[in-house]
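Protein chains in written order, with the working numbering: chain A, 13 to 151; chain B, 13 to 151. C-beta atoms are modelled at their ideal positions from N, C-alpha and C, and glycine is treated no differently. Keep in mind it's a predicted model, so treat the numbers as computed, not measured. Below is one structure, written out as C-alpha cells; comments come after it.
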DNA sequence: ACTTGACTTAGACATTGTCTATCGTAGGAT
DNA sequence: ATCCTACGATAGACAATGTCTAAGTCAAGT
C-alpha cells in the first residue's frame with residue numbers, strides 16, 4: 013500500500029498521525045468514501061481525530077492531485093484514491109454502489125470546436141448510470 | 013414556451029399557481045438553476061410560495077422525466093429543463109458557468125461488456141471541465 | 001356549490017461542509 | 001536531547017442545502 017504516503021511526504025508534507033490515518037483509510041481499489049465515512053473509519057483507529065482535520069486533509073490531497081473528488085449524486089462528495097490512474101465511474105441508481113471503469117475511446121475528441129464556446133477544456137468526467145446485479149434481482 | 017406545462021397537465025397533474033410559476037421560471041436554453049435560485053425567482057412572481065413546494069415540485073418533475081438533475085460540483089443540484097433533448101454539459105471550474113453541448117459519438121458504446129460488472133446501464137453523463145473565455149482573460 | 005384528497009405552508013430538523021480561535025506538535029536548529 | 005516555532009489539529013459555531021411534519025388551503029370532479 014501507500015505510495016500515497018510516500019508521494020505526500022516527498023512533496024514536503026509534514027507527516028502527522030492524523031494524515032497517516034486518513035491516507036490509510038483511503039487506500040484500495042473501488043474505494044469511494046464520503047468525508048464523513050472517512051472520518052468514521054479514521055476515528056476507529058485514532059479516536060480523537062476531528063471532522064475538520066479530515067475535511068482539511070482530504071481537501072489538500074485533492075489540491076495536490078493525489079486524490080479525486082467524485083460527485084455522483086449531488087449529495088456528499090466522494091473521494092477516490094486512484095487519481096494517478098485515469099478512469100471513469102459506473103453508479104447504481106438504487107443502492108449507490110460505484111465501480112471504477114475504463115472505457116475505450118476518448119470523449120475529449122468527441123466535442124467539436126463549435127461546441128466548445130471558447131472554453132479551454134482540461135478534463136472530462138463520464139458517469140455511467142444503471143442498476144447493479146444485486147439490486148436487479150431484488151426488484 | 014411551455015409545452016412543459018402541457019405535458020405535465022396531460023399526465024394528470026393538478027395545476028396550481030405554484031407549479032405554473034416553477035415551470036415558467038425553468039423555461040429556456042442553457043438554464044441550470046439551483047433549487048434556491050428557482051425559489052428566489054418564483055417568489056418574485058408569487059411572493060408566498062414556499063421553499064418546500066419548490067423542492068417538491070422540482071422533485072416531481074424529475075421523477076416524471078420532464079426535468080434533469082445535474083450535479084456539477086457536489087454542491088447544490090441544478091435543474092435542466094431540456095430533458096427531452098439529449099445533451100451533455102461543459103462547466104467552467106472557476107465561475108461555475110454551464111453550457112449545454114452535443115458531443116459526437118456514443119460513450120455508451122465505449123464501455124466493453126467486461127467493464128460493466130453485470131450492471132444494466134440506462135444512461136451516460138459526460139461533463140467537460142475547463143475554463144471559460146471570460147475567466148481565462150481575468151487571470 | 002360542495003367535498004375530498006391532493007397540494008401548500010412554516011418552520012423544525014438533518015446532512016454536509018466551512019470557518020475561527022485556541023491548543024498541540026513535527027521537525028529543524030541549537 | 002531539548003527547545004522553538006510555524007504549521008497542523010481541535011471543538012464547536014456557523015452556513016448551505018435538503019427533508020419532514022402537522023395543519024391549513026384549494027383544484028377539480030360531482
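Within-8 Å CB hit, residue i to chain B
i	result
residue 143/A	yes
residue 111/A	yes
residue 44/A	no
residue 123/A	yes
residue 148/A	yes
residue 69/A	no
residue 119/A	yes
Chain A contact for residue i (CB, 8 Å cutoff)
i	result
residue 94/B	no
residue 161/B	Here chain B comprises residues numbered 13 to 151, so residue 161/B is not present and cannot be evaluated.
residue 13/B	Note that residue 13/B scores 49 on pLDDT, short of 50, meaning its location in the model is unreliable; the coordinates nonetheless yield the value given after this. Taking Cβ atoms only, chain A never reaches closer than 8 Å to residue 13/B, which makes this a no.
residue 37/B	no
Own chain, CB closer than 7 Å to residue i, minus 5 neighbours either side, in chain order
i	result
residue 78/A	16, 19, 20, 95
residue 54/B	33, 34, 37, 61, 66
residue 29/B	58
residue 81/A	74, 89, 91
residue 147/B	104, 106, 107
residue 27/A	21
residue 63/B	51
residue 128/A	none
Nearest-angstrom beta carbon gap, residue j and residue i [assumed within contact, 8 Å]
i	j	result
residue 40/A	residue 83/B	About 24 Å; that fails the 8 Å criterion.
residue 8/B	residue 107/A	This structure gives no information on residue 8/B, because the portion of chain B shown stretches from 13 to 151.
residue 43/A	residue 93/A	6 Å
residue 48/A	residue 88/A	7 Å
residue 139/A	residue 99/A	In fact, because the Cβ distance is near 12 Å, the residues do not count as touching under 8 Å.
residue 119/A	residue 119/B	6 Å
residue 56/A	residue 141/B	With 8 Å as the limit, residue 56/A and residue 141/B do not qualify as a contact, their Cβ atoms being about 35 Å apart.
Beta-carbon proximity list for residue i, same chain, < 6 Å, skipping 5 on both sides
i	result
residue 32/B	none
residue 144/B	104, 109
Residues of its chain near residue i, where Cβ-Cβ distance is below 8 Å and the 5 sequence neighbours each way are ignored
i	result
residue 23/A	76
residue 45/B	37, 38, 53, 90, 91
Requested in this report: Could you say if the region 56-69 of chain A and the region 102-116 of chain A meet the contact criterion of at least three C-beta pairs nearer than 8 Å?
Outcome: No: fewer than three Cβ pairs fall under 8 Å.
Requested in this report: Closer than 8 Å, Cβ to Cβ, to anything on chain B: give me those residues from the region 75-107 of chain A, in chain order.
Outcome: 81, 83, 84, 85, 86, 88, 89, 102, 104, 105
Query raised in the report: At a Cβ cut of 9 Å, what residues of the region 127-141 of chain A count as close to chain B, listed as they run along the chain?
Result: Answer set for the region 127-141 of chain A: 127, 128, 129, 130, 131, 132, 133, 134, 135, 136, 137, 138, 139, 140, 141.
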